[in-house]
Each structure stands twice: as structure tokens, then as C-alpha cells.
Amino acid sequence: MFVRSDDKITSGQASLFLTNTVLGAGILTLPRSVTESAKTPDSWMSVLLGGLIVMLVIFVMVKLSQQFPGKTVYQYSKGIIGKFPGGFLSSLLIIYFIIIAGFEIRVLAEITMFFLLEGTPVWAIVIPFIWVGAYLVFGGINSIARVYQIIFPISLFILILCYILSIRVFDINHLRPVLSEGLMPVIKGLKSTVLVYTGCEVVMTITAFMQHPQHAVKSMLAGIGIPMVLYLLTVIVVVGGLSIDSVTTSTWPTIDLVRSFEISGFFFERFEFPLLVIWMMQMFCNFCSFFFNASLGISQVFKLKIVPVIFGLMPLIFISTMVPKRMNDVFAVGDAIGRMGIILFILLPVLLSVVLIIRKKGLKQNV
Amino acid sequence: MWSTIVSFIPDWKTFMQAAITLVCPLGIYYLYNSLYSVVGSGRASKAGKASGPASPEKMATQTSPQLSGNYNADLISIKQAIGENSDVHFREFMVYGFNVQAVLIFIDGMQDEGLINKQVLQVLMQDLKVDSEAITLSSIKEKILPLTELSEINELEKLQEKILFGYTALIIEGMSTALLVGLPSGSKRAITEPVSEGLLRGPRISFSEVLSENTSMLRRQGLNKNLEMKLYEVGTSIKRKLVVAYINDIVNPELLQEVKDRISKIDMDFIAESGYVEQLIEDNYMSPFQQTQNTERPDRVINSLLEGRIAILLDGTPFALIVPVTFSMLLQSPEDYYERWLPGTMYRILRFFTAFLALLSPALYISFISFHPGLIPTQLAITIIQTRQGVPFPSVIEVMILEVSIEILREAGIRLPKPIGPAMGIVGGLIIGDAAVAAGIVSPFLVIVVAVTAISSFSVPMYSTGITLRILRFAGMLFASVLGMFGTILFFLLIIIHLSKLKSFGVPYVTPFAPIRFSDWKDLYVRAPLSLMKRRPEMMKTQKKKRRS
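Quick mapping for you: the protein sequence lines, in order, are chains A and B. Mapping the first sequence onto the UniProt record's numbering, position 332 (from 1) lands on 332, and the numbers just tick up by one. Mapping the second sequence onto the UniProt record's numbering, position 405 (from 1) lands on 405, and the numbers just tick up by one.
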């Protein structure tokens, strides 16, 4: 087939879709939030442990989605637990996606106002961002996947470059002692690492778009593995570079780390600027994933055309962006999103899988 | 509980802004859609419309009045139809020995006089051996006229068209068939070096305005029985020949069908240049990016054919079109392959860098100077700001002044007669650059930025791509002037999104970046050694994957 009109993505594109959905805000905030809750240099273990748990979660989601090839969670949830309960759960997921989309933009706007555009009103940053995002979402899953494939290598390159350059301030002693207070701090740290992996629910929709859904487990695990490794690196480099005391007191520790050294004789003496650029592009990817998933969900649950749905979501996302008043509210929303993520996991994949197993094995029904 | 929730409900201002968020894109969406459909409706006829061009076979089946065989009647009807033209000449004579009348009809200036005199008139009027009673069509063809190019024609209208196009027609009394004895030999240009795609190393041949010469140039690249050329006639009022060339056992048949379909849908009275074809068959006519590649180099065409692409050649223009095109092709030059692989690779990387500069450097300048001087090294920032001290404009206006004047210079340089052109460019550039700085309108640093930008945009090997980058550069400057670095990032994202949405004949424009095809990356940033490029580009989905036997 030469001219393709079907909405299918390759396994690699699916992996990157997940990576770009998860990798974003956490680059700047994760080191502080995880160190705050763990209070020991072992926070990196929380990231690792959190990643492994999320991998398990994703495994469940993929396995569930593979039972219904070509169908998204919005479609098959109706088949499993009936029309209205399924629609209700899907709506919860959609609201969750809209809230995250708003949260992502808000964080981006706060950072932009703090570092780049002082004194610019929030709406002037948020509205163009939503518009550009909508332009991408109109293109459908294929365009989104292609944009991700272009942006991710750039981000990866700059990110790794920043980390390599920050080796000069890296001190292994900042990461010691290992497990001085036992495993408890690591488990406490999990609370904030879960937040950083939120958004992995998109697995339940991407699997439907895969050209070869049978490879879904492998590509999704790879897709979550990349951000896991990058987040792990971030925490290790930032905590190792700044020590836990200064990490917990700074709002954006990663930027502080990159600001803390200068490379003279280079055009950019400080690397916070390229870091901010790629971070913004990652945030854009994050936002578009949630925007796309929310609009897809609404159009599938309520059987609407996708174009009016995208238009309708634009002001909705804008309002959800503007609801938090202060920075603290924003972080509170972030924590709430983390909790919602856990609840949604129990409600959606776990409940659906249990019902499915009971209906198939116990009642021998054909779902 | 309620009071907390109520306290978080945004005020009416936010709702107004939300309304703006909705209304603006909605307006743009409808405007774009209506514009798109308006442009699209005037572009091609609906499929299956008879007024469209037809392939040669179809043309033959159309019935029209035939030559009757009555010499006088035929001659009169031809004279009535085209005899009014001052340049149509009728040379009547008697065929020696048979005593039948004959006439040569030709257009003044297009007949090959020597050939006609010697091989037709002389033969028929003097040297004819009378060995049978009557002169017949077969005897003329087989025994009398010593010509390689000799064709018969029966239809009156077709005959008139051919005569007007420059063929010399021979009608002999008693025959209901006219003979075309001479090919049109109008004036034509000598083959020159390609003007728009000069190379230091590589063939210096370029296409000319004559289609048959162009196709023969492709044929002469080497022996290959699979190089196929299909003839089409385009244009409803003035018909022109168009050739679709491809390599039979490489090209993807579905792609070929798509190209043929689109060409047969062209509906226009006259196709003046291959640019018309390009605009009538491209996928997205609202995009600033070209979706076909134009070239005047036969070597470029043949290389593309071997990659599984398709070339479209039009009579009357030296520019052939290559489809489908991807973004990476626009930054490639044939010289990359002719030089050894290390220099080739260096040129490639350089061009990606210059494309980036040509697109974004004024935008970056504006955002750094107006919004974030803190992000560039302090020393540099101080220097730039010192040089800008006398400048009375914000940096956007400053950049616009210089960019616009550079564009004017460039445009004037092309239009001016050749001897003055370069001198004018240099003088204008010096005066504008030097005097504008001295007058305090622009800063010297900006002159450097704009000059680098301009030179970068000229180093892009495809002229049309350079134009695209220059147009987009102005858009980038607007974004940067409103939102600084944030705006520049949004602009960059917009371009990436647009490119990702764009397709050329079903091939995503940004392949092999996305969808990633690593095997095609050998010919992207690097030009891998030829021995490593064993396969044709994967994106073309060719029939024969391997380049080697």
C-alpha cells in the first residue's frame, strides 16, 4: 500500500508516543518533589521502583487492550461493563486528561513567566500554546507521532548534553550514604514518583492504533523505559550535583543545576536556555497527547465528530489551566492528579480486567 | 466546601479569554477551509470529464472529417480553414510523368528547406522513374520518397493542426491520405549549463525547451530497456506534450497510477511551464513548501528515477518535475554524490545548518535582543547593546528594514540586465549596509546577522526552497517580536507540525526523520560511502529493493 489513509502507527512510533506523553514536567520538578518526600539521597531508588511499578501497571493495561484489537478503552469499556458504567468510567478518564492538560500548560506558563517572559499575562502564553496544540491534534495520530519522532531526538540530545556537562559539579558523596535509614524513605518517595509517570493511561488508546498490536507489550515497556531512565538520570545528576539540601529548597532544581556552572568560550555559557527550549517542546508533546486523548475519548464516548470536539475542548482546557490561582495551587493540582491516577488505575484496567476474566472464564460469555 | 470551590471559579475575564480561545481558531478554520475549497474547485476537472486531456490512444478514436481524395475539394477546404494565415504557404506542382497535381503545405520558417527541395521536390518533379500507370500511396512510401520520417494522416482537422505546428504536408491528386514529409524545425536554443543548479563537478548538460531533446538526454544516460516514457497531451486550448518518465521495474505501481491519475485530471487551457503542472497536481496548495522538485539537470532526474521516483517533463520548458519529494531532498545537491563521501557529508551538514540559520536567525536575534539579553554571554550582550544605542527603533522594525531591503536588492538583481546585475547588488549592499549603520538606522551587528541569513538562504541548493525559507523567516520574526523565545519555539513547532502533516503523493514529507527509516539515514545528514548504499530508499517502496545485481 503506497498511499495510506488508515490511522495506524508503527511500534516505534507507539513507544515514542508513550515516552513523549510521560517525559515532561518531571524533568524540572521531580528531583525536588521526590527528595522532599524521601528526605534521603536514596530518592533515585524511588524513581526506579516507581518505574518498575508503573511498568507492571502498563503491562496490565496493554494485556487488557490486546483483548480488543483496534478498539480504544472508550470503546471496549462499554462492551465489558455495559454502556452507562463504561461511559461513566471513560468520562472520568477524559476529565482526568483535561485536568492534566491544563496542569501541564499551567506549569509551562509559570516557568515561561519566571525565566523568559516576565510580566507577560498568563493568557498570552497559554492561548497560543493551545492553538498550536490544536493544530497538531487536527492532524490525527499519525501527524502527532511524526512530530514526536522529530522532537524527541533533539530533546534527548540536549538533555544528555546538559547532564554530561554537569558532571563537573557532580559529587558522588551527595548520593551517599545509600539506604542509611532503610527502605522506608524509598517507599515514601514513591508518592511523588507516581505523579511523574501519570499519563501512562494513554497506553489503553495507543494500543488500538498500533499496526502490529501483538508487539504492544514490548514497545510500551520500551516507551516507559526511556523516560524512566531519563528521570533516574535526572534525579541522580541533580541530587549528585546540588546535594539534597539545596534540591529541597529550590523550586526548579534542574535549572539551578544547569545554571550553577558556566562553560566559557562557548556561545551559550550557560545551558539553562537550551534546556528550557527542549523542555518546552516536551511539554508541548505532553499537552498534545492529553489533548488528543481527551478529544478522541469525547468523540468516541458520545459519538461526535472529532473536529467540533477539538474546538470545544480548547476553551475547556483554557479554563482548567486558569483555575489554580497561585503556584501552590498548581502543585496541589499536581498532587491531586497523582491520587486520581491511582484511583483511575484501580477503576479502569483492574476493574475491567477482573470483570472481563469473570465474564469470560466464570460465566463463559462472549464479550 | 462550597465556598472553596466557588473561590476557585474563575472570573468573567477568564471566560472571555476562553471565548477568544475558541472563536479565533474557529474563524481561521472556516476561512482556511473555504479558501481551500475555492482554490481546489478551480484546479482540476472532476474525474471522468471528457474535456480533460486524453492519452494518445483516446485521441485517435475521435471521429472528424476525413480527406476525401478529391484533390481540389481537399485543397479548398484546407485553404478555407487555415489559408487565411499569412505564414501558411502552398506550393503546387505537377508530379513528373504521372501528370497529377500535388501540393506542399508548410509554415514559413518551420520547414526544413534543404530536405524538402532535395528529397521531395526534386524526386517528384525530376528524377521520378515511371514504371507503373498510376501513382499510389504504397509506391510513394516504398519506392519514391527517401525519407525516414514519413507519416500518413487522414483526418482533416488533425492535418491542419499538424501543418500549423510546423509539419510539411504533401497531398497528391487522387489520394485520400496526406503525407507529412517534413518535421517542424523551428529555431531552438543551444544546450547550455544549468543556470539555476550550477555545479563545479558533474555533467554540465541541462535540459532545453524541446521535449524530444530532453527525453533523448535521459535515454542517452545509459542503456536501460526499462526506462519508460508515457506521452500525455495537456491543455485544452493549446495542446502540449507531457512525458511521464519512470523505470518500469523499480517504480511502485500504485505511485505511478496516482501520478497518472492526477495528470489526466489537469484541466487548463494552456500549460505554459512545468510550474503549472506542479501547482495543478500537488497535494496541498496552501502550503509554503513545494511538493514537487523542479530541476534542469538530466543527471538529477535519472538518479531520482533510480530511487523509484517519477519525472514529469513538459514540452517548452527546461524544468522537469520530480515526484514525490521529501524535505531532505530539498537540501541535497548532485555534487554530494560526485565528490567523495567526506566532503559530501560536510556539505550536507552545512546545508542543514544554513537552512536553520536562514529560517530562524532573525527571529533569534529579535528574541535575544528584545526579550532575553540575559541568556547570551554578558560580554556579547553588552557589545550588541552598545552598538544599538543610537538605533531609534525596536529590534523588530530594525530587522524588518534590513530584511526587506535585502529582498528588494535580490529581486532587483535578478531582473536587471546581466552586466549591471552583480555590480548593482554589490553597490546596493555596500551602500545599504554601510550607510544604514552610519545613519544610525540599524546596528552593525544586525548587518552581520542579516547578511549571514541572506547568504545562508542562497546556499540552499534548490532555488524554490530558498524562497520558502525566506517567506517563513518573516513569519518567524513576527512570532519572535510578540512572544520572544517562547514565540520562536511555537513558530518552530508550527513548522514541524505543518511538515509532519504534509504529504507528497502519499509519502510523508518528513520521511526519513519520521516515520524513522534508519536505513535511509545513510543519505540524510551524512552521505554514506557509495559501497554502503546498497538499497534504494525504503520510503519509496520500490519493486526492486537492492541497488546491486
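Ideal Cβ positions, reconstructed from N, Cα and C, are used throughout, including at glycine.
Cβ of residue i within 7 Å of any chain B Cβ
i                : result
Trp123 (chain A) : yes
Ile127 (chain A) : yes
Arg146 (chain A) : yes
Thr72 (chain A)  : no
Gln211 (chain A) : no
Thr249 (chain A) : no
Gln149 (chain A) : yes
Tyr96 (chain A)  : no
Contact with chain A by residue i, beta-carbon distance below 7 Å
i                : result
Ala60 (chain B)  : Bear in mind that a pLDDT of 45 at Ala60 (chain B), under 50, signals an unreliable position, so the number given afterwards is only what the model happens to contain. No, Ala60 (chain B) lies away from the interface with chain A (no Cβ there is under 7 Å from its Cβ).
Met329 (chain B) : no
Gln17 (chain B)  : yes
Thr21 (chain B)  : yes
Thr468 (chain B) : no
Pro25 (chain B)  : yes
Lys46 (chain B)  : For Lys46 (chain B), the predicted model reports a pLDDT of 48, less than 50, meaning its position is unreliable and no value from the coordinates is stated.
Ile312 (chain B) : no
Leu375 (chain B) : yes
Phe513 (chain B) : yes
Ile250 (chain B) : no
Glu538 (chain B) : no
Ile401 (chain B) : no
Per-residue contacts from residue i into chain B (C-beta, under 7 Å)
i                : result
Val323 (chain A) : Phe8 and Pro10
Close Cβ partners of residue i (< 6 Å) along its chain, the five nearest in sequence each way excluded
i                : result
Gly86 (chain A)  : Ser77 and Lys78
Asp299 (chain B) : Pro203 and Pro334
Leu199 (chain B) : Glu335
Option in the options with minimal Cα separation from residue i
i                : options                                   : result
Ser43 (chain A)  : A:Tyr96, A:Ile53, A:Pro121 and A:Ile236   : A:Ile236
Gln389 (chain B) : B:Glu339, B:Glu407, B:Ile441 and B:Leu360 : B:Ile441
Ile187 (chain A) : A:Ile160, A:Gln13, A:Leu347 and A:Val34   : A:Val34
Leu232 (chain A) : A:Gln13, A:Leu48, A:Asp7 and A:Lys8       : A:Leu48
Ile125 (chain A) : A:Met322, A:Val354, A:Leu363 and A:Met340 : A:Met322
Val404 (chain B) : B:Arg309, B:Ile20, B:Gln160 and B:Gly433  : B:Gly433
Lys188 (chain B) : B:Ile431, B:Arg410, B:Asp315 and B:Thr465 : B:Asp315
Glu149 (chain B) : B:Ser176, B:Leu115 and B:Ser139           : B:Leu115
Val60 (chain A)  : A:Lys305, A:Val178 and A:Ala216           : A:Ala216
Tyr232 (chain B) : B:Val243, B:Asn294 and B:Ile366           : B:Val243
Ile141 (chain A) : B:Arg527, B:Ala514 and B:Gly27            : B:Ala514
Under 7 Å by beta carbon: chain A residues contacting residue i
i                : result
Met485 (chain B) : Leu116
Thr14 (chain B)  : Ile319 and Met322
Val510 (chain B) : Arg146 and Ile150
Other residues of its chain near residue i: CB distance less than 7 Å, five sequence neighbours each side excluded
i                : result
Pro253 (chain A) : Pro31, Arg32, Val238, Leu242 and Val247
Thr19 (chain A)  : Phe152, Gly223, Ile226 and Pro227
Ala363 (chain B) : Gly476, Met477, Phe479, Ala480, Thr488 and Phe491
Pro41 (chain A)  : His174, Leu175, Arg176, Val239 and Ile244
Val449 (chain B) : Ser361, Pro362 and Tyr365
Same chain, Cβ closer than 8 Å to residue i, neighbours up to 5 away in sequence not counted
i                : result
Leu195 (chain B) : Per the sequence presented here, residue 195 (chain B) reads as Val, with Leu not at that position. These residues qualify, in order along the chain: Ser206 and Glu296.
Ser287 (chain B) : His498 and Leu502
Gln126 (chain B) : Tyr96
Leu116 (chain A) : Leu276
Proximal residues of chain B, C-beta to C-beta of residue i below 8 Å
i                : result
Ser143 (chain A) : Ile497, Ser500 and Lys501
Val132 (chain A) : Leu490, Leu493, Leu494 and Ile497
Val60 (chain A)  : Simply none; closest approach about 29 Å.
Chain-ordered chain B contacts of residue i [CB-CB under 9 Å]
i                : result
Met228 (chain A) : Per Cβ cutoff of 9 Å: no residues; Met228 (chain A) is ~21 Å from chain B at best.
Phe284 (chain A) : Ile489, Leu490 and Leu493
Chain-ordered neighbours of residue i on chain A, where CB pairs are closer than 8 Å
i                : result
Phe371 (chain B) : Leu116 and Leu117
Ala134 (chain B) : Here the premise fails: no neighbours, minimum Cβ distance about 59 Å.
Residue i beta carbon near the ligand ZN (any heavy atom closer than 6 Å)
i                : result
Leu306 (chain B) : By its list of ligands, the structure shown contains no ligand whatsoever, and the ligand ZN lies outside what it can speak to.
- Would you say the region 475 to 486 of chain B touches the region 341 to 356 of chain B, given that touching needs at least three Cβ pairs under 8 Å? Contact between the region 475 to 486 of chain B and the region 341 to 356 of chain B is absent, with fewer than three C-beta pairs closer than 8 Å.
- Message: Measuring CB atoms only, is the region 187 to 205 of chain A touching the region 12 to 28 of chain A, in the sense that at least three cross pairs come out at less than 8 Å?
- Response: Three or more pairs of CB atoms, one per stretch, sit closer than 8 Å, so the region 187 to 205 of chain A contacts the region 12 to 28 of chain A.
- Would the region 179 to 191 of chain A and the region 319 to 327 of chain A be scored as touching if the rule is three or more Cβ pairs under 8 Å? The region 179 to 191 of chain A is not in contact with the region 319 to 327 of chain A.
- Query: With a cut-off of 8 Å, do at least 3 Cβ pairs link the region 290 to 302 of chain A to the region 96 to 105 of chain A?
  - Reply: Output reads yes: the region 96 to 105 of chain A touches the region 290 to 302 of chain A.
- Item | Cβ pair count under 8 Å reaching 3, the region 249 to 256 of chain B against the region 443 to 461 of chain B | With the cut-off at 8 Å, the region 249 to 256 of chain B and the region 443 to 461 of chain B do not touch.
- Message: Measuring CB atoms only, is the region 272 to 287 of chain A touching the region 156 to 168 of chain A, in the sense that at least three cross pairs come out at less than 8 Å?
- Response: Proximity of the region 272 to 287 of chain A to the region 156 to 168 of chain A meets the contact definition, three or more beta-carbon pairs being nearer than 8 Å.
- Taking one C-beta from the region 180 to 187 of chain B and one from the region 149 to 169 of chain B each time, how about it: are there three or more such pairs within less than 8 Å? Taking 8 Å as the limit for Cβ pairs, the verdict is that the region 149 to 169 of chain B does touch the region 180 to 187 of chain B.
- Message: Closer than 8 Å is the cut-off here; do at least three beta carbon pairs connect the region 140 to 158 of chain B with the region 66 to 81 of chain B?
- Response: Short answer: they touch.
- Query: Counting pairs of Cβ atoms below 8 Å between the region 112 to 121 of chain B and the region 137 to 147 of chain B, do you hit three or more?
  - Reply: Contact annotation: the region 112 to 121 of chain B touches the region 137 to 147 of chain B, with at least three C-beta pairs closer than 8 Å.
- Can you find at least 3 beta carbon pairs, one from the region 54 to 68 of chain A and one from the region 278 to 286 of chain A, that sit closer than 8 Å? Counting C-beta pairs closer than 8 Å gives fewer than three between the region 54 to 68 of chain A and the region 278 to 286 of chain A, which falls short of the contact rule.
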